[in-house]
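See structure below.
Numbering (the working numbering), first residue to last: 160 to 272.
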């Protein structure tokens, strides 16, 4: 994982066009590695998701597009942002950013000057 993302307080997970998990930063490993599971790199991201998320991700691998949503688990709210990455114009896979967000958060609307 690039040095900029390694210790970032956002879980960053990178998968290839076939769904293989290519890299994870420290926060991603802490978030997604369950007891008894040593490694996720090399596993297929589809195997890590239950339905209906699995089918949605499979479709996104065939039809690359952004996907953003929020979740709440154990009282912790998160923003999930999945976005395709490209190399030389060719679809390479997805990067998923998962970040904790506060229950109440300011929202600003900026208008052109």
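Beta carbons are placed, not taken as given, at the ideal position from N, Cα and C, and that holds for glycine.
These figures come from a predicted structure and were not determined experimentally.
Buried or exposed for residue i, going by 16 or more other Cβ atoms inside 10 Å?
i, result
"residue 183", "buried"
"residue 230", "exposed"
"residue 272", "exposed"
"residue 178", "buried"
"residue 256", "buried"
"residue 216", "buried"
Whole-angstrom Cβ separation of residue i and residue j, contact assumed at under 8 Å?
i, j, result
"residue 258", "residue 237", "6 Å"
"residue 165", "residue 197", "Wrong, their Cβ atoms sit about 19 Å apart, outside the cutoff."
"residue 254", "residue 244", "5 Å"
Note the first and the last residue of the continuous alpha helix (DSSP H) segment covering residue i.
i, result
"residue 216", "212–221"
"residue 224", "Neither: residue 224 is in no alpha helix (DSSP H) and is coded neither H nor E."
"residue 250", "It is not in any alpha helix (DSSP H) - residue 250 instead sits in the beta strand (DSSP E) that spans 249–260."
"residue 236", "Here residue 236 belongs to no alpha helix (DSSP H); instead the beta strand (DSSP E) covers 235–246."
"residue 185", "185–191"
Once the 5 residues before and after residue i are set aside, which same chain residues still bring their CB inside 6 Å of it?
i, result
"residue 187", "170, 171 and 172"
"residue 225", "242"
Please return the same chain residues whose Cβ sits closer than 8 Å to the Cβ of residue i, not counting the five positions on each side in sequence.
i, result
"residue 181", "173, 174, 175, 200 and 252"
"residue 262", "236"
If I follow the unbroken beta strand (DSSP E) through residue i, where does it start and stop?
i, result
"residue 175", "170–175"
Counting only beta-carbon atoms, is residue i nearer than 7 Å to chain C?
i, result
"residue 186", "The question asks about chain C, but that chain is absent: this structure has only one protein chain."
Might you give, ordered along the chain, the residues of its own chain that have their beta carbon closer than 7 Å to the beta carbon of residue i, omitting 5 neighbours on each side?
i, result
"residue 213", "205"
"residue 203", "178 and 179"
Is any heavy atom in the ligand HEM found nearer than 6 Å to the beta carbon of residue i?
i, result
"residue 223", "Here there are no bound small molecules, and the ligand HEM is not part of this structure."
Practice task
Answer yes if the region 221–230 comes into contact with the region 202–209, meaning at least three C-beta pairs across the two stretches below 8 Å, and no otherwise.
Solution key: No, the region 202–209 is not in contact with the region 221–230.
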